[in-house]
Amino acid sequence: MELGVVHAAPPPAPFSLAKALPDVSHSVLHIFRTKRLKMGVKVKYIYNEGYQFSYFTRGEPGSQPSVLMLHGFSLNKDMWLNTIEVFSKDFHLVCLDLPGHGGTTRLLGESYTAVAQAKRVHQFVQCAGLNHKPFHLVGMSMGGMVAGVYAALYPAHISSLALFCPAGKYIKGDNLFSKATKGRRKSNGWKERSNLKLRRNFLTARTVNQWNGLPLEVVLASSLEILRKRLEEICPE
1 MELGVVHAAP
11 PPAPFSLAKA
21 LPDVSHSVLH
31 IFRTKRLKMG
41 VKVKYIYNEG
51 YQFSYFTRGE
61 PGSQPSVLML
71 HGFSLNKDMW
81 LNTIEVFSKD
91 FHLVCLDLPG
101 HGGTTRLLGE
111 SYTAVAQAKR
121 VHQFVQCAGL
131 NHKPFHLVGM
141 SMGGMVAGVY
151 AALYPAHISS
161 LALFCPAGKY
171 IKGDNLFSKA
181 TKGRRKSNGW
191 KERSNLKLRR
201 NFLTARTVNQ
211 WNGLPLEVVL
221 ASSLEILRKR
231 LEEICPE
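Residue 1 is where the sequence shown starts when you use full-length UniProt numbering, and the numbers rise one by one after that.
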C-alpha cells in the first residue's frame, strides 16, 4: 500500500458547519478550538487512495504503546477532548474521524459496514505508522463496534482493547445479562420505573454534555425549540 501524505495545515473543508448551523456554529467551533489548544493536540490530515483522513494527535510515539480512539455515530474526534484531559501527557494519543464523520472523506458508492470501516481504519493505521508495534484501541458506541471488528481482523496489532457501550447485533431471547437482571426488572413497580426514567434522562444529558464537549444548552437547543413550539400549540397566548 502506498503511504499517505501527512499535512499539518487543514485543507478547504468540503462541508461547511457554518452554513448548516449558522446560529451555533461559531460558538461551537470556538469551543473546540479553545479546547484543542488547552489539550495541546495537533490536527493533521492524511491522503491515501481517495480518502482524506482527519485526526489529531498529542505526544510522540515512545516505548509504551500508542492509543488510537474511535468516536461514536454522528460525532467526531473532538468528543474525546474531555476524556484525554485525564491521560498522562507521556501517552501518544491519536483520535481519528471515522470515514463520513468530521473532516474524513466519505466516498459515494463505497460500503460503510463495520467490516469496511475497520479496514479503512487499518488503512489509516498503516499510513500513520501505527502498525510498527501493537497499540491500545479505544472505541465508543459505533466506534466500539468498529474497534471490536478491527481487533478481530488484525489481532496482532492490538495491545489492549477498550469498548464503551459498543454498538452491535441485538440477541433475541434469554442471555446471561437478561437472566442476571430478570428478578430486578420484575420487582420494579411503576414508581420505581418512573424514578429510573427521570434518572436516565438526567444522566443522558450529563453524558451527552461530557462526550460531545459541548455546552448543554447547545446540545438541547433543538429539543427545547420543539418543546416550545408544541406548548404554544397547546396553550396559545
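C-beta: ideal position from N, C-alpha, C; glycine also.
Span separating the alpha-carbon of residue i from that of residue j
i       : j       : result
Pro-166 : Glu-85  : 22 Å
Leu-96  : Tyr-55  : 4 Å
Arg-33  : Phe-135 : 27 Å
Ile-31  : Ile-46  : 24 Å
Met-140 : Ala-151 : 14 Å
Gln-64  : Thr-113 : 31 Å
Ala-147 : Thr-57  : 18 Å
Ser-74  : Phe-164 : 16 Å
Cutoff 8 Å; reference residue i; Cβ partners in own chain excluding five residues on either side
i      : result
Gly-59 : Lys-89, Asp-90, Phe-91, His-92 and Leu-93
Gly-62 : Asp-90 and His-92
Sub-9 Å separation of residue i and residue j beta-carbons
i       : j       : result
Val-125 : His-157 : yes
Val-41  : Leu-81  : yes
Leu-68  : Ala-118 : no
Asp-78  : Arg-36  : yes
Met-145 : Gly-109 : no
Same chain, Cβ closer than 6 Å to residue i, five either side skipped, listed in chain order
i       : result
Gly-143 : Leu-70, His-71 and Gly-72
Leu-161 : Leu-137 and Ala-151
Gln-123 : none
Val-121 : Tyr-150
Asn-76  : Asp-97, His-101 and Gly-102
Val-43  : Phe-56
Same chain, Cβ closer than 7 Å to residue i, neighbours up to 5 away in sequence not counted
i       : result
Phe-202 : A caution first: Phe-202 carries a pLDDT of 47, below 50, which makes its placement in the model unreliable, though a value can still be read off. Correct list: empty, nothing qualifies.
Residue i at chain B interface by Cβ criterion, 9 Å
i       : result
Ile-158 : Of the protein chains in this structure there is only one, and it is not chain B.
### Query
Does the region 99-108 come close enough to the region 128-141 that 3 or more CB-CB pairs lie under 8 Å?
With a cut-off of 8 Å, the region 99-108 and the region 128-141 do not count as touching, because too few Cβ pairs lie within range.
### Message
As an exercise, report each continuous alpha helix (DSSP H) stretch of at least 4 residues that is fully enclosed by the UniProt domain "AB hydrolase-1" (65-166), in chain order.
### Response
114-128 and 142-153
### Query
Residue ranges of each beta strand (DSSP E) run of no fewer than 3 residues wholly in the region 35-66, ordered along the chain?
42-48 and 51-58
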